[in-house]
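Novice: The following block contains the structure, expressed as structure tokens.
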């Protein structure tokens, strides 16, 4: 009986060693196969990438070029928009430059007007406008002074903006003024800068005045200032009248400096001659 047990134990020991050896070999094979799979997979990936790379480049090249062309077109479009904006800004700057030069010239002219002294005329009285004609082209106004203030016929009437008209009728305490906008009003004037003499008169249907030149060898431009010339001894020289507003069919139109709709106080003057 003890002999039989020893044989069985010996056989069992041999079987265990065999299985351990088999398991070791299988484990080694599994590790080797796994490493081999990784190596083979890496090689397959590398080869696939090498093969696919030129194919992908060939296929994507037209798309890349198309995208690049579209981007270039967008850039050109943006450049064109920026260029147009710059041109518009330059145009606006040139307009401002022209306007600036124009305002400088006008400012110079206004300064000359402000430097006009009162050596040529005397202010008789300051009067209030008490009555106006009932339409927008009012040609006559009435003042609250007359003989009681020694007012005379043809005395000039003006305010801080310029010439208004002349006295045509005098009562004891009132007087009537014919405005320079009346069609019957004719005043000797000149251009401030060039001394071009002319006659200015009113119109029946407009607030603008018309210029008629005595000598047409020199002609003024739009924007030039018109002042009294002092000829005919009615108005003193260099009283502001208006500015050349437009030229149509060789007719020069002047816009008065005075706003005839808002007359309230005026000065009555006379020549110091």
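Residue numbers (my numbering): 16 to 288.
All C-beta atoms, glycine included, are put in the ideal place defined by N, C-alpha and C.
As the structure is a computational prediction, the values presented were derived from the model and not from experiment.
#1: Please go through the same chain and pick out, in chain order, the residues whose beta-carbon is closer than 7 Å to the beta-carbon of residue 211, but skip the five residues on each side of it.
#2: According to DSSP, simplified to helix, strand and coil, what is residue 86?
#3: Can you give me the C-alpha to C-alpha distance between residue 189 and residue 157, rounded to a whole angstrom?
#4: For residue 269, which residues from the same chain have a beta carbon less than 8 Å from its beta carbon, with the 5 sequence-adjacent residues on both sides left out?
#5: Identify every run of the alpha helix (DSSP H) within the segment 207 to 275, keeping only runs that are complete inside it and at least 4 residues long; order them along the chain.
#6: Tell me, to the nearest whole angstrom, how far the beta carbon of residue 167 is from that of residue 284; I am working on the premise that it is less than 8 Å.
#7: Specify, as a first and last residue, the run of the beta strand (DSSP E) that residue 190 falls within.
#8: Which residue comes first and which comes last in the beta strand (DSSP E) that contains residue 178?
#9: Locate the beta strand (DSSP E) running through residue 156, then write down its first and last residues.
#10: Using 9 Å as the threshold, is the C-beta distance between residue 174 and residue 280 below it?
#11: Using only alpha-carbon positions, find the residue among 85, 88, 196 that is nearest to residue 273.
#12: From residue 162 to residue 264, what distance separates their C-alpha atoms?
#13: Starting from residue 173, follow its DSSP beta bridges and name the residues at the other end.
#14: Note down, in chain order, each residue of its chain lying with its Cβ closer than 8 Å to the Cβ of residue 170, except the 5 sequence neighbours on either side.
#15: Given this structure, state the Cα-to-Cα distance separating residue 221 from residue 247, to the nearest angstrom.
#16: May I have the straight-line CA-CA distance separating residue 85 from residue 108, to the nearest angstrom?
#17: Could you tell me if residue 130 is buried or exposed, where buried requires 16 or more neighbouring beta carbons within 10 angstroms of its beta carbon?
#18: With DSSP collapsed to three states, give me the class of residue 145.
#19: Can you say whether residue 83 is buried or exposed, counting buried as having 16 or more other CB atoms within 10 angstroms of its CB?
#20: For residue 202, does the three-state DSSP call read helix, strand or coil?
Specialist: This is what the structure gives:
#1: 205, 228, 233, 235
#2: helix
#3: Residue 189 and residue 157: Cα-Cα distance of roughly 7 Å.
#4: 215, 223, 224, 225, 226, 241, 256, 257, 258, 259, 260
#5: none
#6: Wrong, their Cβ atoms sit about 11 Å apart, outside the cutoff.
#7: 190 to 194
#8: 178 to 185
#9: 155 to 158
#10: For residue 174 and residue 280, yes; Cβs fall inside 9 Å.
#11: 196
#12: A straight-line Cα-Cα distance of about 45 Å links residue 162 and residue 264.
#13: 178, 282
#14: 139, 181, 182, 283, 284, 285
#15: 26 Å
#16: Roughly 34 Å separates the two Cα atoms.
#17: Note that residue 130 scores a pLDDT of 49, beneath 50, so its modelled location is shaky; the value from the coordinates is reported in the next line. That one is exposed.
#18: strand
#19: exposed
#20: Three-state result, residue 202: strand.
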